[in-house]
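**Q** Got a structure for you, questions after.
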Amino acid sequence: MPTAPEVNAHLPAAGLHRLFRALRALFIALIYVAAAAALYYTFREFSWAQFKEDIRQRSFFGGRLALAVGLLALNYLFLMGYDYLGIRYIGRPLPLRKLALASFIGHVSSFNFGAILGGSSMRYRFYSAWGFSPLEVLQVLAVLGITFWLGVMLLAGVVFILAPMEVPPDVMAGIPLWLRPVVTPFFTHLPWFGAILLSVVVG
9 MPTAPEVNAH
19 LPAAGLHRLF
29 RALRALFIAL
39 IYVAAAAALY
49 YTFREFSWAQ
59 FKEDIRQRSF
69 FGGRLALAVG
79 LLALNYLFLM
89 GYDYLGIRYI
99 GRPLPLRKLA
109 LASFIGHVSS
119 FNFGAILGGS
129 SMRYRFYSAW
139 GFSPLEVLQV
149 LAVLGITFWL
159 GVMLLAGVVF
169 ILAPMEVPPD
179 VMAGIPLWLR
189 PVVTPFFTHL
199 PWFGAILLSV
209 VVG
């Protein structure tokens with residue numbers, strides 16, 4: 009049985025933990041309120057009637073809007089693959105519906121509030137509630153981040169090689185005059201940069 013000093017020693021820690029949880033909940037609530045306010049001020053000039061009329065005129069089931077919704081769903085299906093790779097890496101079984109839920113909410117939160125405040129924290133709450141240890145959640149997040157950026161570098165590398173872009177004149181204007189003859193052959197087009205990205209992916 010713990011003695012009175014031991015019980016008193018745990019009281020400040022418990023109080024700080026409750027305070028931290030309350031502040032975290034308040035901070036998250038403020039973020040959502042700010043996001044809702046931003047959406048309101050952005051779309052306050054549009055009425056619901058105008059929105060419905062626009063949808064009707066664009067013929068949802070046969071137009072670009074349907075294509076956009078379909079591509080959006082396909083995008084989140086591909087994004088779910090990152091979480092799947094992370095779960096496979098740590099070797100923990102997880103039903104597909106839970107994986108899809110954590111992936112969807114994690115990516116939506118990440119795109120709106122950033123990876124740390126949004127995606128990572130949301131995934132931690134989901135995976136820890138499903139019995140994952142903090143280390144396992146960290147491993148899932150690490151695999152997710154590494155595979156995502158490897159995919160970005162792979163796509164960017166292919167684009168830079170097949171369709172190399174020209175460096176904007178403003179960037180070249182910032183290079184000293186004496187250095188321009190040296191760097192111009194390398195920075196006029198960027199296929200070499202694509203080769204570097206692909207070498208990182210292969211490595």
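To convert a position in the sequence shown, counted from 1, into my numbering, add 8.
Glycine residues also receive a C-beta, built at the ideal position from the N, C-alpha and C atoms.
Out of curiosity, what's the CA-to-CA distance linking Phe121 and Trp186?
**A** Residue 121 sits at position 113 when you count from the first residue of the sequence shown. Residue 186 sits at position 178 when you count from the first residue of the sequence shown. Their Cα atoms are separated by approximately 44 Å.
**Q** Where Leu102 and Ser129 are concerned, what is the direct C-alpha to C-alpha distance, given to the nearest angstrom?
**A** Indexing the sequence shown from 1 puts residue 102 at position 94. Indexing the sequence shown from 1 puts residue 129 at position 121. Using only the alpha carbons, I get a separation of about 19 Å.
**Q** Kindly indicate which three-state DSSP category Gly23 falls into: helix, strand or coil?
**A** The count along the sequence shown starts at 1 and reaches residue 23 at position 15. In this structure, Gly23 counts as helix in the three-state DSSP scheme.
**Q** From Leu24 to Tyr132, what distance separates their C-alpha atoms?
**A** Translated into the one-based positions of the sequence shown, residue 24 becomes position 16. Translated into the one-based positions of the sequence shown, residue 132 becomes position 124. Cα to Cα, Leu24 sits roughly 21 Å from Tyr132.
**Q** Compare the Cα-Cα distances from Lys60 to each of Phe35, Leu73, Thr50 and report the closest residue.
**A** For the purposes of this step, residue 60 is taken as residue 52 along the sequence shown, with counting starting at 1. Each of Phe35, Leu73, Thr50 was checked against the Cα of Lys60, and the nearest Cα belongs to Leu73.
**Q** Name the two residues that bound the continuous alpha helix (DSSP H) containing Phe140.
**A** As a position in the sequence shown, residue 140 is number 132, starting the count at 1. Taken as a continuous stretch (DSSP letters only), Phe140 belongs to no alpha helix (DSSP H), as it is neither H nor E.
**Q** How about Leu162 and Val116: do their beta carbons lie closer than 8 Å?
**A** Here residue 162 refers to the residue found at position 154 of the sequence shown. Here residue 116 refers to the residue found at position 108 of the sequence shown. No, the Cβ-Cβ distance between Leu162 and Val116 is not below 8 Å.
**Q** Note down, in chain order, each residue of its chain lying with its Cβ closer than 7 Å to the Cβ of Ala108, except the 5 sequence neighbours on either side.
**A** Taking the sequence shown and counting its residues from 1, one reaches residue 108 at position 100. Met88.
**Q** Is the beta carbon of Asp91 closer than 8 Å to that of Val148?
**A** Indexing the sequence shown from 1 puts residue 148 at position 140. Indexing the sequence shown from 1 puts residue 91 at position 83. Closer than 8 Å, so yes.
**Q** The alpha helix (DSSP H) that contains Phe119, what's its start and end?
**A** By 1-based counting over the sequence shown, the position of residue 119 is 111. That run of the alpha helix (DSSP H) goes 104 to 121.
**Q** Where Leu206 and Arg52 are concerned, what is the direct C-alpha to C-alpha distance, given to the nearest angstrom?
**A** Translated into positions along the sequence shown, residue 206 becomes position 198. Translated into positions along the sequence shown, residue 52 becomes position 44. A direct Cα-to-Cα measurement between Leu206 and Arg52 gives close to 45 Å.
**Q** Which of the three DSSP states is assigned to Glu174 in this structure?
**A** Counted from its first residue, the sequence shown places residue 174 at position 166. The answer is strand: DSSP assigns Glu174 an E or B state.
**Q** So, for Ala12: in the same chain, excluding its five sequence neighbours on each side, which residues have a beta-carbon less than 6 Å away from its beta-carbon?
**A** What you label residue 12 is simply residue 4 of the sequence shown in a count that begins at 1. Any reading at Ala12 must be qualified, since the residue scores a pLDDT of 49, below 50, and its modelled position is unreliable; the value itself is stated next. Excluding residues within five positions, none has a Cβ falling inside 6 Å.
**Q** Just reading off the alpha helix (DSSP H) that Ile95 is part of, what are its end residues?
**A** Your numbering for residue 95 matches position 87 in the sequence shown. From DSSP, the alpha helix (DSSP H) with Ile95 extends over 72 to 98.
**Q** So, is Gly99 buried or exposed, given that buried needs 16 or more other C-beta atoms within 10 angstroms?
**A** Within the sequence shown, the letter at position 91 stands for residue 99. With fewer than 16 Cβ atoms within 10 Å of its Cβ, Gly99 is classed as exposed.
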